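No gaps in the numbering here: position 229 of the sequence shown is 229 in our numbering, and each next residue is one more. A virtual CB, placed ideally from N, CA and C, is assigned to each residue, including glycine. None of these values were measured; they are calculated from a predicted model.
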Amino acid sequence: MLAELFAVMAPVLAGAGLGYTWVRLGHPYPVDFVTRLVFNIGTPALVLASLSGAEIDATTFGRTMLATSLVMVSMAVATFFVAKMLARDWRVLLAPMMYPNTGNMGLPVVLYAFGSAGFAYGITVMVTVSLFQFTLGSLLGSQGNPLKTLAKTPTVYAIVIAMTLLLTDTSLPLWLANSVDLMSGFTVPLMLITLGVSLASIQVKSLRSGIRFSLIRIPLAAVIAWAIGYLLQLPAMAHSILILQMSMPVAVFNYLFAQRAKREPGYVASLVFCSTLMALFYLPILLALLM
């Protein structure tokens with residue numbers, strides 16, 4: 001079991017460690033370019049490549065999206081109670097409570113833990129979290145019309161195409177499927193490297209507050225995800241991946257959002273850093289229970 005867990009975590013540590021070391025050595029890394037590349041090309045290609053050929057029916061896909069949505073709504077409600085416990089503004093904690101790192105860290109862990117069969121469920125959870133980020137995040141951050149933001153999001157169109165293929169039981173032409181598969185290949189490695197780069201760039205001011213928040217959020221998210229997955233009767237693998245994905249550390253996106261909204265970015269940075277560091281210890285335990 002230890003060998004299996006190490007095989008899952010090793011690629012994650014290697015990718016993130018590479019990005020972290022690269023920046024610490026003083027080498028430049030075009031974060032904005034890579035982020036746009038992954039967001040506009042890599043992620044849509046990954047969605048198409050993973051979902052169009054996946055052995056997942058539309059009903060299970062929809063239930064997994066619903067379960068993910070309900071977990072995030074539950075975490076949003078829980079934010080008000082956690083904010084009182086920590087004596088913090090609920091607006092500062094809302095995004096870190098709702099949005100775990102289901103992309104940069106979650107997808108690689110799901111891929112190496114559950115293989116291609118489970119990767120489709122991991123993509124489904126990640127896509128749902130991203131849609132909430134693009135809409136609710138834009139609305140709370142006063143960044144314009146969230147519907148316009150969605151309309152400009154390539155991943156949305158990839159979801160529509162993938163769902164159409166699932167419902168009609170059809171597949172992409174071979175030349176297009178091969179092209180999409182090739183383009184999707186760079187996404188996960190770049191996600192991991194960018195995660196390491198982002199962690200190296202974050203300035204942490206309070207480790208204690210970050211650890212305290214993580215000790216509350218992580219078990220709470222796992223329990224809520226287990227309960228909602230159980231109530232919706234998700235398939236065993238989908239249920240396990242829902243719990244795993246929603247228990248991921250705080251997404252780096254939340255730090256960027258806090259900077260843009262000017263809502264205690266230093267504090268949010270500590271949440272991102274500490275929860276990611278703690279993930280190296282609690283994820284193997286969680287994986288041992290779920291695999």
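Alpha helix (DSSP H) containing residue i: first to last residue?
{"i": "I92", "result": "In the sequence under discussion, the amino acid at residue 92 is Val, which differs from the Ile named in the question. Looking at the DSSP string, the run of the alpha helix (DSSP H) that includes V92 is W90 to M98."}
{"i": "K152", "result": "Here K152 belongs to no alpha helix (DSSP H), and DSSP marks it neither H nor E."}
{"i": "H239", "result": "A236 to M246"}
{"i": "N178", "result": "L174 to S184"}
{"i": "T135", "result": "Per DSSP, T135 belongs to no alpha helix (DSSP H) and is neither H nor E."}
{"i": "A279", "result": "P265 to L290"}
{"i": "P44", "result": "T43 to L51"}
{"i": "P189", "result": "T187 to S201"}
{"i": "M85", "result": "A58 to L86"}
{"i": "V250", "result": "Premise fails: V250 is in no alpha helix (DSSP H) and is neither H nor E."}
Rounded to whole angstroms, what's the CA-CA distance from residue i to residue j? Just pull it up for me.
{"i": "Y20", "j": "I193", "result": "7 Å"}
{"i": "F114", "j": "A120", "result": "10 Å"}
{"i": "I228", "j": "P28", "result": "43 Å"}
{"i": "F132", "j": "L166", "result": "23 Å"}
{"i": "N178", "j": "T124", "result": "21 Å"}
{"i": "F281", "j": "P249", "result": "12 Å"}
{"i": "S209", "j": "I216", "result": "11 Å"}
{"i": "G118", "j": "I241", "result": "7 Å"}
{"i": "L271", "j": "L86", "result": "13 Å"}
{"i": "M278", "j": "F213", "result": "11 Å"}
{"i": "S50", "j": "N40", "result": "16 Å"}
{"i": "D169", "j": "T59", "result": "13 Å"}
{"i": "A200", "j": "T164", "result": "41 Å"}
{"i": "V268", "j": "V71", "result": "21 Å"}
{"i": "L182", "j": "A45", "result": "9 Å"}
{"i": "W175", "j": "R88", "result": "53 Å"}
{"i": "F273", "j": "K148", "result": "32 Å"}
{"i": "L337", "j": "A16", "result": "Residue 337 falls outside the range modelled here, since the chain spans only 1 to 291, and no answer is possible."}
{"i": "P284", "j": "F33", "result": "32 Å"}
{"i": "A14", "j": "R36", "result": "23 Å"}
Counting only C-beta atoms, is residue i closer than 8 Å to chain B at any point?
{"i": "L232", "result": "In the structure shown, chain B does not exist; there is a single protein chain."}
What residues in its chain sit with their C-beta under 8 Å from that of residue i, if we drop five residues either side in the sequence?
{"i": "V12", "result": "M105, P108, V109, Y112 and L192"}
{"i": "L48", "result": "A158, I161, A162, L172, V180 and S184"}
{"i": "P100", "result": "G106, V129, A221, Q245, M246, S247, M248, P249, V250 and A251"}
{"i": "A78", "result": "M97, L220 and I224"}
{"i": "L93", "result": "T79, V82, A83, L86 and F213"}
{"i": "P235", "result": "T60"}
Leaving out five residues before and five after residue i in sequence, what residues of the same chain have Cβ atoms less than 7 Å from its Cβ?
{"i": "W226", "result": "I243"}
{"i": "T102", "result": "V125, M126, V129, Q245 and M248"}
{"i": "V188", "result": "L107, P108 and L111"}
{"i": "T153", "result": "F134"}
{"i": "F80", "result": "W90"}
{"i": "L66", "result": "L232"}
{"i": "T155", "result": "T43, P44, V47, V127 and S130"}
Grab me the residues of residue i's own chain with a C-beta within less than 6 Å of its C-beta, minus the 5 sequence neighbours each way, in chain order.
{"i": "A238", "result": "T64 and Y121"}
{"i": "E264", "result": "V92"}
{"i": "S74", "result": "I224"}
Can residue i be considered in contact with the ligand GTP, in the sense that its beta carbon sits closer than 7 Å to one or more heavy atoms?
{"i": "Q203", "result": "In the structure on display, the ligand GTP does not appear, and there are no ligands present to speak of."}
Quick check on DSSP: helix, strand or coil for residue i?
{"i": "L232", "result": "coil"}
{"i": "S304", "result": "The shown model of the chain, from 1 to 291, leaves out residue 304, and the question about it has no answer."}
{"i": "N104", "result": "helix"}
{"i": "S171", "result": "coil"}
{"i": "S206", "result": "coil"}
Worksheet item: Unbroken alpha helix (DSSP H) runs of length 4 or more, entirely within the stretch 1-38: which are they?
Response: Taking 4 residues as the shortest admissible run, the stretch 1-38 contains the following complete alpha helix (DSSP H) segments, listed from N- to C-terminal end: 2-24 and 31-37.
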